[in-house]
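If you count the sequence shown from 1, you need to add 50 to reach this note's numbering.
A short write-up of the structure that comes next.
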Amino acid sequence: MRDNYPSIPNHLESYIVNQDYNSYTSINHSCWKFIMTISKSFFKDHAHESYLEGLEKTGITINTIPRISDMDNKLRKIGWRAVPVRGFLPPTIFMQFQSHSILPIASDMRTLDHITYTPAPDIVHEAAGHSPIIVNESYSNYLKNYGQAASKAISSKEDHAIYMAIRLLSDIKENPKSSKDDILMAEKSLEQSLKDNTYLSEAAYLSRLNWWTVEYGLVGNIKEPKIFGAGLLSSVGESYNAIYGDVKIIPLTLDCINYSYDITEQQPQLFIAKDFDHLNDVLNEYKSKMAYRIGGIESIRKGIESQSVCTFKLDTGLEISGLPIEVHGDTFEEFYRFKGPVQLCYENKELEGHGGKYHQDGFSSPICSPLIINQLQNAPIHEEINIKFQSGIHLNGIIKDKLIINSKLLIVSFMDCKITSGNKLLFDPDWGTFDLACGTSIDSVYGGPADIEPYLQFMDLELPNKIKPNYLIKHSELDQSLINLYDKISNKLNDNELETIIAELDLDFSGDWLLRFELLALLNPIKDSKLIDKLKLQIYDISKDDDDLYNSIKRGLDTII
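Structure below.
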């Protein structure tokens with residue numbers, strides 16, 4: 051795998067899977083063909099003008115599921131990559147991919163039961179939904195800008211719980227073998243996770259912006275909107291409803307982040323941008339308020355409130371990553387404390403000897419004044435130092451070592467060190483070496499560790515999901531018989547063979563509409579008019595209880611008859 055993706059960071063490569071192209075069945079390819087046939091017909095009028103160009107430039111064809119390796123080769127020409135993954139990725143990992151201009155494509159194909167809309171990521175959503183509009187430079191810049199902002203966003207422990215609940219519900223809903231009780235239990239789990247969420251993090255707000263733009267965005271004139279969101283471009287039912295249904299369309303502003311969403315249902319409102327530059331305007335408005343841009347005590351408190359791994363970046367460039375739990379000061383950060391494990395970094399690289407194992411019990415430090423930093427810079431090793439900080443904190447200890455990079459004093463290590471604030475003990479000599487982080491201010495606070503690869507071992511990130519679900523690869527004898535029938539229509543059939551297939555459908559597969567649809571495309575409208583009427587009647591009867599499916603089939607029939 052490493053040979054295939056040598057430029058991709060190791061921690062991201064571990065989420066890449068083999069597409070296993072030969073595991074797609076003829077039913078999978080027929081599902082893809084049906085979706086793309088009616089999509090291309092619909093989106094040539096109702097998607098952003100980049101859509102058709104994007105299909106060609108990203109290697110997406112109508113008749114067969116694309117090979118992600120082919121897409122990768124084409125996307126490289128416009129500064130992107132494509133890699134196969136499976137299912138929902140942890141948000142941190144997904145944004146890391148996007149910040150590196152890599153499009154992770156869920157390689158599984160939705161089942162026939164979810165052909166108009168799937169609750170789980172699949173290759174239709176990722177390939178036919180996300181990739182075509184990327185060829186537009188302005189939109190591509192927005193995606194990169196968003197990925198960089200989201201990779202800095204502070205998330206919360208509640209975000210992770212909600213993500214896990216959504217992932218479980220989508221997997222269960224997509225699995226045709228799931229019972230109603232299974233679905234109900236997963237729905238209740240998600241409902242409880244949402245109810246328990248009392249803190250809306252930066253990551254949560256940004257995910258809403260992503261949802262209403264990248265996933266479900268419209269662009270252009272409110273009276274004649276054009277679709278660009280991947281969720282709409284990959285949903286033949288919801289995209290139609292977005293244009294012809296009673297969905298409320300709202301001009302895009304930053305206020306969209308105050309609208310929550312349900313990933314398993316169609317959306318009651320959508321937002322429309324003037325153009326793709328407008329997307330960046332809204333994103334930049336939010337970025338200006340993010341903790342990584344602002345820093346200072348309010349951003350520190352935001353990091354503490356999140357109860358998740360964050361990084362404090364000092365004005366000297368030193369980065370401290372871990373779980374922040376305490377800050378002293380009313381208007382200015384005077385002293386801060388992290389729960390371990392903690393890593394210290396410079397320019398996003400972990401400093402030797404300052405990883406999570408060394409700082410496993412935590413890390414704390416007062417903020418220094420320029421005068422104190424100058425004093426420490428000039429003081430020799432082994433000199434006893436007495437420092438009284440502006441906040442009233444007092445440090446007494448013997449200099450053991452210093453770390454200076456690019457002429458900047460980053461860390462001064464003390465032995466026999468005692469730190470107090472009035473009567474409160476902040477560090478005791480018996481606790482070992484004290485590492486003073488040298489900096490006059492905390493200029494940036496952002497989510498996640500500064501150097502993620504060595505810190506991953508301490509994070510609560512679920513392992514990559516590399517196993518394809520059994521329902522996609524293990525077929526019952528009856529299912530295999532149906533697959534065999536689909537296989538046959540890839541060849542030229544004579545009248546007897548057609549009649550045999552239709553007879554088998556009537557006998558054993560009265561509920562399968564897609565093969566009947568495929569057969570309609572093969573029949574002669576003049577010679578086989580009675581048979582065509584019979585198949586159309588059967589197809590409409592099968593789909594009559596599902597409005598989205600019925601309307602999608604009707605649109606599909608208009609393209610072939």
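Yeah, the Cβ is synthetic: ideal placement off N, Cα and C, and Gly gets one too.
These numbers come from a predicted model, not from an experiment.
Under the three-state DSSP convention, the category residue 504 falls into:
Sequence index remark: in the sequence shown, residue 504 carries index 454 (1-based). Reduced to three states, the DSSP call for residue 504 is helix.
C-alpha gap between residue 51 and residue 264, whole angstroms:
Taking the first residue of the sequence shown as 1, we reach residue 51 at position 1. Taking the first residue of the sequence shown as 1, we reach residue 264 at position 214. Reliability fails at residue 51, whose pLDDT of 48 lies under 50, so the model's placement of it is uncertain and the value that follows must be treated cautiously. Cα-Cα distance, rounded: 29 Å.
On the premise that residue 496 lies in contact with residue 342, defined as a C-beta separation below 8 Å, what is that separation, rounded to the nearest angstrom?
Here residue 342 refers to the residue found at position 292 of the sequence shown. Here residue 496 refers to the residue found at position 446 of the sequence shown. Residue 342 to residue 496, Cβ: 4 Å. Contact.
Alpha carbon to alpha carbon, how far is residue 378 from residue 386?
If you number the sequence shown from 1, residue 378 lands on position 328. If you number the sequence shown from 1, residue 386 lands on position 336. Rounded to whole angstroms, residue 378 to residue 386 spans 6 Å at the Cα level.
Return the CA-CA distance between residue 67 and residue 172, expressed in angstroms with no decimal places.
The residue given as residue 67 occupies position 17 in the sequence shown. The residue given as residue 172 occupies position 122 in the sequence shown. One C-alpha to the other measures close to 14 Å.
Range covered by the alpha helix (DSSP H) that runs through residue 197:
Here residue 197 refers to the residue found at position 147 when the sequence shown is read from its first residue. First-last of the alpha helix (DSSP H) with residue 197: 187-200.
Does DSSP put residue 52 in a helix, a strand or coil?
Numbered from its first residue, the sequence shown carries residue 52 at position 2. Per-residue confidence for residue 52 stands at a pLDDT of 45, beneath the threshold of 50, marking its modelled position as unreliable; the derived number appears in the next sentence. In the structure shown, residue 52 sits in coil (DSSP, three-state: anything other than H, G, I, E or B).
Could you say which of 329, 338, 380 and 328 lies nearest to residue 351 if we only look at CA atoms?
On the sequence shown, position 301 is the one that residue 351 refers to. Looking at the Cα atoms, 380 is the closest of the given residues.
Please state whether DSSP places residue 430 in a helix, a strand or coil.
Position 380 of the sequence shown, counting from 1, holds the residue named residue 430. Three-state DSSP puts residue 430 in coil, outside helix and strand.
Outcome for residue 557 when other beta-carbon atoms lying within 10 angstroms are tallied against a minimum of 16:
Position 507 of the sequence shown holds residue 557. Exposed, since its Cβ has fewer than 16 Cβ neighbours within 10 Å.
For residue 285 and residue 590, the rounded distance between their alpha carbons
Within the sequence shown, residue 590 is the residue found at index 540, counting from 1. Within the sequence shown, residue 285 is the residue found at index 235, counting from 1. A straight line joining the alpha-carbon of residue 590 with that of residue 285 spans about 20 Å.
Option nearest residue 578 by Cα separation, candidates 611, 498 and 521
Within the sequence shown, numbered from 1, the residue matching residue 578 stands at position 528. It is 611 whose Cα lies nearest to the Cα of residue 578.
Between the alpha carbons of residue 257 and residue 240, how many angstroms are there, rounded?
Residue mapping note: residue 257 aligns to position 207 of the sequence shown, counting from 1. Residue mapping note: residue 240 aligns to position 190 of the sequence shown, counting from 1. So the two alpha carbons sit approximately 17 Å from each other.
When the Cα of residue 369 is compared with those of 270, 146, 400 and 455, which residue comes out closest?
Taking the first residue of the sequence shown as 1, we reach residue 369 at position 319. The shortest C-alpha separation from residue 369 is found at 400.
DSSP has residue 271 in a bridge; who is on the other side?
In the sequence shown, counting from the first residue as 1, residue 271 sits at position 221. In the DSSP output, where bridge partners are listed per residue, residue 271 has 274.
Go through its chain and collect everything with a Cβ distance to residue 147's Cβ below 7 Å, but skip five positions before and after it.
Here residue 147 corresponds to residue number 97 of the sequence shown, with the count starting at 1. These residues qualify, in order along the chain: 62 and 154.
Leaving out five residues on either side along the sequence, give the residues of the same chain with a beta carbon under 8 Å from the beta carbon of residue 398.
Mapped onto the sequence shown, residue 398 falls at position 348. Cβ within range, chain order: 369, 500 and 501.
Report the option in 567, 479 and 498 whose CA atom is closest to the CA atom of residue 87.
The count along the sequence shown starts at 1 and reaches residue 87 at position 37. Here the closest residue by C-alpha is 567.
If you draw a straight line from the alpha carbon of residue 189 to that of residue 291, how long is it in whole angstroms?
Locating residue 189 in the sequence shown gives position 139, where the first residue counts as 1. Locating residue 291 in the sequence shown gives position 241, where the first residue counts as 1. Straight-line Cα distance between these residues: approximately 24 Å.
Suppose the cutoff is 6 Å on Cβ atoms and the five residues either side in sequence are ignored; what does the same chain contact list for residue 371 look like?
Taking the first residue of the sequence shown as 1, we reach residue 371 at position 321. Cβ neighbours of residue 371 beyond the five flanking positions: 361, 393, 499 and 500.
With H, G and I counted as helix, E and B as strand and the rest as coil, what does DSSP make of residue 253?
The residue labelled residue 253 in the question sits at position 203 within the sequence shown. Note: residue 253 maps to helix in three-state DSSP.
To the nearest angstrom, how far is it from the Cα of residue 177 to the Cα of residue 278?
For this step, residue 177 is matched to residue 127 along the sequence shown. For this step, residue 278 is matched to residue 228 along the sequence shown. Separation of residue 177 and residue 278 (C-alpha to C-alpha, rounded to the nearest whole angstrom) is 13 Å.
Segments assigned alpha helix (DSSP H), at least 4 residues, entirely inside the segment 488-552
502-505, 520-523 and 527-538
In terms of DSSP beta bridges, what is residue 444 paired with?
Position 394 of the sequence shown, counting from 1, holds the residue named residue 444. Per DSSP, 438 and 470.
Could you name the residues of the same chain whose beta carbon sits closer than 8 Å to that of residue 185, not counting the 5 residues immediately before and after it, in chain order?
The residue labelled residue 185 in the question sits at position 135 within the sequence shown. Cβ within range, chain order: 100, 103, 104, 107, 108 and 128.
What residue range is occupied by the uninterrupted beta strand (DSSP E) comprising residue 388?
As a working note, residue 388 is residue 338 in the sequence shown. DSSP places residue 388 in the uninterrupted beta strand (DSSP E) bounded by 385-396.
Report the partner residues of residue 404 according to the DSSP bridge assignment.
Walking along the sequence shown from the start, residue 404 turns up at place 354. DSSP, once it has assigned bridges, lists no residue as partnering residue 404.
Given residue 295 as reference, the closest of 319, 308, 311 and 306 once Cα atoms are compared:
Taking the sequence shown and counting its residues from 1, one reaches residue 295 at position 245. If we check each option's Cα against that of residue 295, 319 comes out closest.
Leaving out five residues on either side along the sequence, give the residues of the same chain with a beta carbon under 7 Å from the beta carbon of residue 466.
One-based indexing of the sequence shown puts residue 466 at position 416. Closer than 7 Å at the Cβ level, and outside the excluded window around residue 466, lie 447, 448 and 479.
Give a yes or no on whether the minimum CB-CB distance between residue 396 and chain B is below 7 Å.
Absent from the structure: chain B. Only one protein chain is present.
Considering only residues of the segment 339-366, which uninterrupted beta strand (DSSP E) runs meet the minimum length of 3 residues and lie entirely inside it, listed in chain order?
360-364
Between the Cα of residue 472 and the Cα atoms of 458, 441, 452 and 481, which residue gives the shortest distance?
To locate residue 472, count along the sequence shown from 1; it is residue 422. For the residues 458, 441, 452 and 481, the minimum Cα distance to residue 472 belongs to 441.
Helix, strand or coil: how does DSSP classify residue 103 here?
Sequence index remark: in the sequence shown, residue 103 carries index 53 (1-based). In this structure, residue 103 counts as helix in the three-state DSSP scheme.
Based on the DSSP secondary-structure assignment, which residues constitute the bridge partners of residue 372?
Here residue 372 is taken as the residue at index 322 of the sequence shown, counted from 1. Answer is 360.
Evaluate the contact criterion for the segment 111-130 versus the segment 72-88: three or more CB pairs, one atom per stretch, below 8 Å.
yes
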